[in-house]
């Protein structure tokens, strides 16, 4: 992944996008660089289509939902981690994709007892770049729970990968993305 910046926040963010900032444990934030939100969930709740959620270095133990057109952009893979130690709803991962044109960049997801990233429903798309998903689950599962649901445990996406309307498949580490078969590398 990208080298870690000297400061807390990612560098090289597009200048024409709306940006909400997050720093683990910050109190009373409003999403600015000077007063960041303390959780990613607070930022994604406030985010509109086209917003970049700039995640500062740190560890975030929470469940995150990503909606249409929102990008999670971490400071760097080595020092920005999202995971959850909560068990429960099998359909939710540490990060759950519920929208189209979503993206995750420059962060590590996991480890934890849940899937790292789940994508639910139709017309969903996710672009991964410089992301490591490190979830220690006993199985890899791609299945159907009313809507399409994909688990991504222990995969590495350092080169850009885009997944769109993933097709269900049982007992395989095989997904369809952008109309072509896509193999994810599971460690």
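In my numbering, the protein residues as written are 67 to 253. Glycine included, each C-beta is placed from N, C-alpha and C at the ideal position. Given the structure is predicted, the values throughout are model-derived calculations rather than measurements.
Cβ shell of residue i (< 7 Å), same chain only, five flanking positions each side left out
| i | result |
| --- | --- |
| residue 178 | 149, 150, 151, 160, 201 |
| residue 75 | 87, 99, 120, 122, 141 |
| residue 245 | Because the pLDDT at residue 245 is just 35, under 50, the model does not fix this residue reliably, and the value given afterwards should be weighed accordingly. Contacts found: none. |
| residue 113 | 86, 119, 136 |
Host beta strand (DSSP E) of residue i (start-end)
| i | result |
| --- | --- |
| residue 112 | Careful: residue 112 lies outside any beta strand (DSSP E), inside the alpha helix (DSSP H) at 106–112. |
| residue 196 | 191–199 |
| residue 130 | 130–132 |
| residue 162 | 161–163 |
| residue 125 | 124–127 |
Short Cβ contact (8 Å threshold) for residue i with residue j
| i | j | result |
| --- | --- | --- |
| residue 173 | residue 120 | no |
| residue 95 | residue 104 | yes |
| residue 168 | residue 191 | yes |
| residue 97 | residue 109 | yes |
| residue 183 | residue 143 | no |
| residue 138 | residue 129 | no |
| residue 146 | residue 124 | yes |
Cβ shell of residue i (< 6 Å), same chain only, five flanking positions each side left out
| i | result |
| --- | --- |
| residue 102 | 87, 88, 89, 92, 95 |
| residue 126 | 90, 106, 148 |
| residue 226 | Model confidence at residue 226 stands at a pLDDT of 47, short of 50, so the residue's coordinates are unreliable; what they give is reported in the following sentence. The residues are 195. |
| residue 163 | 132, 185, 190, 192 |
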